[in-house]
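Asker: Just dropping this structure here.
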Amino acid sequence: MLRTIEQYNLDVIKEDVSNSGIKEACVWNNVCGFNVLDQVGMDVMHDVIEGVGKYDLEFLIRYYVEDLKLFSLQILNERLVCFDYGPDKCSKPFILLIDYIRKNSIRLSASEMLTLIRYFGLLIGDLVPRNNPIWWLYISLRHIVDIVLSTSIQKDCCVLLKTLVSEHNNLYIKYSKLDLKPKYYFMQHYHTIIEQLGPVKRAATITGYYRPLVHLWSMKFEAKHSIFKTEANTTSNRRNICMSLAIKHQLQLNDMFLKGTLSNDIESGPSNNLICDSDVKHIKKFLEIDSLDSLFCYSLISVKGTKYQHKIVLTLDINENSLPKFGIIDAIYLCNNKVVVFQCCLLSTIILYEHFFSYEVKHKNKNKFVYHHMLYSHVPNNISIMSNGSLYVTLRSSI
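The opening residue of the sequence shown carries number 1 in UniProt numbering; numbering runs sequentially from there.
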C-alpha cells in the first residue's frame with residue numbers, strides 16, 4: 001500500500017521511526033509546489049538487472065548445478081565462452097565461479113548481467129526439462145524485463161506487469177524458500193509509476209502509449225561514469241582530480257564541435273567499391289529512380305548511434321499472426337550519402353518458443369531491399385544456431 005500525503009504527515013507527527021520508517025519531514029517539501037510523495041523513484045538497472053535478475057539467476061544456477069545436477073558449471077562456462085552474442089558481444093559475460101554462486105554473488109556488470117538474462121534460455125534451456133516448474137521463474141523474469149526495457153508501453157501493459165511481478169515474486173518465495181529482498185518490492189510499484197508518468201503526447205494529441213521506464217534508468221550515466229574512472233586512473237595529476245577531469249571533458253567536447261561529428265547521423269566503416277551492375281540495377285528499381293549520384297556498399301554502418309553489420313537480424317514488420325517478420329542483413333548500401341538501404345535474406349517465423357524465450361525461424365531463400373527508416377524496430381537482433389540445427393532469434397527490444 002502506498003503512503004498518502006495525509007498518512008505521511010501523521011507519521012511525521014508521531015515520530016515513531018521503528019513502525020513508520022520516517023524520522024522527520026523531508027526538507028524538500030518546503031519548496032513551493034513540491035512534495036516527495038508525488039515523485040517517482042525507480043531505476044530498472046539497479047532494481048531489476050543488478051537486483052532481481054541477479055538474485056534469480058544465482059538461485060537457478062545453484063539449483064540446477066548443485067541440487068538437480070542437470071549440468072555442471074563447467075558446461076555453462078563453456079557455453080558462455082563459445083556463444084555468439086551478436087550485437088551484445090561487447091557485453092559478453094565472464095565465466096562464473098562456484099564460490100561466488102554459493103555466496104549468492106554473480107560478479108558481472110549491469111550490461112553483462114543483462115546479456116546473461118537475455119540469452120540464459122538459449123544457453124542452458126535445452127538442458128532443462130520443459131515441464132520443470134522452477135524454469136517458470138526465469139520465464140516470468142524475461143517477460144518483466146521485456147516490458148520494463150520496452151521503448152513503447154501500452155496501457156494494458158500496466159495490468160500485465162502487475163500480474164507478472166506478483167506471480168514472479170510468489171514463485172521466488174515458493175521455490176527458493178527465501179524472503180523477498182527490497183528490490184522485489186520495488187518492482188511491485190512499477191505499474192503504478194508507469195500510470196503516474198502518463199501517456200505520450202504527440203502534436204497535441206494523446207497516443208495509446210505510456211512513457212517507458214527505460215528512459216529513466218541510470219545505465220547511460222553509469223557508462224559515462226566509467227569513462228571518468230578510466231581517465232582518473234591514467235592521469236598523473238592528483239592535486240585537483242575533479243578539475244583535471246572537467247578540463248579534459250570540455251576539451252573533448254570542443255573537439256567534437258570543431259570537427260562537426262555531433263551532426264553526423266550516419267557513420268560508416270570501410271567501403272566495398274565493387275558493386276556489380278545487377279545490384280545497381282536492382283537498387284535503382286527499388287528506389288524508383290533512373291540515376292544515382294553516389295552508391296556505396298558497407299560491411300558496417302552506424303545510424304544515430306545504432307550499429308548495423310552483416311549477419312545481424314532486423315525486425316521488418318509484423319505478420320497476420322502477430323509474429324515478427326525478420327531479415328538477415330546481406331548487404332548495406334548508402335545511396336546519395338543520405339539514404340540507408342539494407343539487402344536482407346528473409347526469415348520465416350515459425351513460433352515464439354517460450355522455453356528459450358526466442359522466436360524459432362527458418363530461411364526463406366528470398367531477398368528483399370528495406371529502407372532503414374521503414375524498419376518496424378530499429379534495434380538489431382541476434383540469431384543463434386542450436387545443436388540440432390534450429391535457428392532462434394532473440395529480440396533485444398520488445399515489439
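Glycine residues also receive a C-beta, built at the ideal position from the N, C-alpha and C atoms.
Would you give the residue range spanned by the beta strand (DSSP E) that glutamate 50 belongs to?
Answerer: Neither: glutamate 50 is in no beta strand (DSSP E) and is coded neither H nor E.
Asker: Between the alpha carbons of leucine 96 and lysine 89, how many angstroms are there, rounded?
Answerer: Taking the straight line from one Cα to the other gives about 17 angstroms.
Asker: Give the range of the alpha helix (DSSP H) segment to which aspartate 84 is assigned.
Answerer: Unbroken run through aspartate 84: none, as it is neither H nor E.
Asker: Our contact map puts valine 214 next to threonine 151 with C-beta atoms below 8 angstroms; I'd like the distance itself, whole angstroms only.
Answerer: Contact flag correct, Cβ pair sits at about 6 angstroms.
Asker: Who are the near neighbours of serine 291 in its chain, counting only those whose CB is closer than 8 angstroms to its CB and skipping five residues on each side?
Answerer: Excluding residues within five positions, the ones whose Cβ falls inside 8 angstroms are Lys284.
Asker: Check whether the Cβ atoms of glutamate 112 and proline 87 sit closer than 7 angstroms, and answer yes or no.
Answerer: No.
Asker: Alpha carbon to alpha carbon, what distance is there between lysine 103 and aspartate 67?
Answerer: The alpha-carbon atoms of aspartate 67 and lysine 103 are separated by roughly 15 angstroms.
Asker: Quick one: what's cysteine 335 bridged to in DSSP?
Answerer: Per DSSP, Leu295, Val339.
Asker: Does DSSP classify glycine 327 as helix, strand or coil?
Answerer: Here glycine 327 sits in strand by DSSP.
Asker: What whole-angstrom Cβ distance do isoleucine 318 and tyrosine 376 have, given they're in contact under 8 angstroms?
Answerer: Between tyrosine 376 and isoleucine 318 the Cβ distance is about 6 angstroms, and since that is below 8 angstroms, they are a contact.
Asker: If you measure between the beta carbons of phenylalanine 326 and glutamine 343, is that distance less than 7 angstroms?
Answerer: Result no, Cβ atoms of phenylalanine 326 and glutamine 343 do not sit closer than 7 angstroms.
Asker: Given cysteine 158, which residues of its chain have a CB within under 6 angstroms of its CB, disregarding the five upstream and five downstream residues?
Answerer: Only His191, Ile194, Glu195 meet the Cβ criterion.
Asker: What does DSSP give as the partner residues of residue 431 in its beta bridges?
Answerer: Because the chain here runs from 1 to 399, residue 431 falls outside it and cannot be looked at.
Asker: Would you verify that the beta carbon of asparagine 321 is, or is not, closer than 7 angstroms to some beta carbon of chain B?
Answerer: Absent from the structure is chain B; it holds one protein chain and no more.
Asker: Which residues does DSSP pair with valine 370 in a beta bridge?
Answerer: Phe342.
Asker: Give the DSSP-derived three-state secondary structure of glutamate 222 in the structure shown.
Answerer: Correct three-state label for glutamate 222: helix.
Asker: Taking all protein chains shown into account, do 16 or more other C-beta atoms lie within 10 angstroms of the C-beta of glutamate 288, making it buried, or fewer, making it exposed?
Answerer: Result: exposed.
Asker: Measure from the alpha carbon of histidine 189 to the alpha carbon of each residue in Arg3, Asn381, Cys26, Asn9, then state which is nearest.
Answerer: It is Arg3.
Asker: Measuring alpha carbon to alpha carbon, tell me which of Leu178, Gln7, Val36 ends up nearest asparagine 19.
Answerer: Of the candidates Leu178, Gln7, Val36, the one whose C-alpha sits nearest the C-alpha of asparagine 19 is Gln7.
Asker: At the level of alpha carbons, what is the spacing between glutamate 78 and serine 387?
Answerer: Rounded to the nearest angstrom, the two C-alpha atoms are 14 angstroms apart.
Asker: For valine 40, which of Arg130, Leu216, Tyr64 has the nearest alpha-carbon?
Answerer: The shortest Cα separation from valine 40 among Arg130, Leu216, Tyr64 belongs to Leu216.
Asker: DSSP has glutamate 360 in a bridge; who is on the other side?
Answerer: In the DSSP output, where bridge partners are listed per residue, glutamate 360 has Ile351, Tyr392.
Asker: Report back the beta-carbon spacing between leucine 70 and valine 128 to the nearest angstrom; my notes put them in contact at under 8 angstroms.
Answerer: Indeed they touch by this definition, with Cβ atoms about 6 angstroms apart.
Asker: Starting from histidine 378, trace the beta strand (DSSP E) both ways and give me its first and last residue.
Answerer: Residues 377-385.
Asker: According to DSSP, is serine 150 part of a helix, a strand, or is it coil?
Answerer: It is coil, neither helix nor strand.
Asker: Measure the Cβ-Cβ separation of valine 27 and tyrosine 184 and say whether it is below 7 angstroms.
Answerer: Contact flag unset, no.
Asker: For my contact list, lysine 362 and leucine 391 are in at a C-beta cut-off of 8 angstroms; report their separation, rounded to the angstrom.
Answerer: Lysine 362 to leucine 391, Cβ: 6 angstroms. Contact.
Asker: For leucine 57 and asparagine 336, what's the separation of their Cα atoms in angstroms?
Answerer: Computed Cα separation, rounded: 48 angstroms.
Asker: If you draw a straight line from the C-alpha of tyrosine 172 to the C-alpha of lysine 54, how long is it?
Answerer: Computed Cα separation, rounded: 13 angstroms.
Asker: Taking 7 angstroms as the threshold (C-beta atoms), are phenylalanine 356 and arginine 142 in contact?
Answerer: No, the Cβ-Cβ distance between arginine 142 and phenylalanine 356 is not below 7 angstroms.
Asker: Where asparagine 237 and phenylalanine 228 are concerned, what is the direct C-alpha to C-alpha distance, given to the nearest angstrom?
Answerer: Taking the straight line from one Cα to the other gives about 14 angstroms.
Asker: When DSSP builds the beta bridges, which residues end up paired with leucine 314?
Answerer: According to DSSP, leucine 314 bridges with Gly327.
Asker: Which of the three DSSP states is assigned to proline 93 in this structure?
Answerer: Coil at proline 93, not helix or strand.
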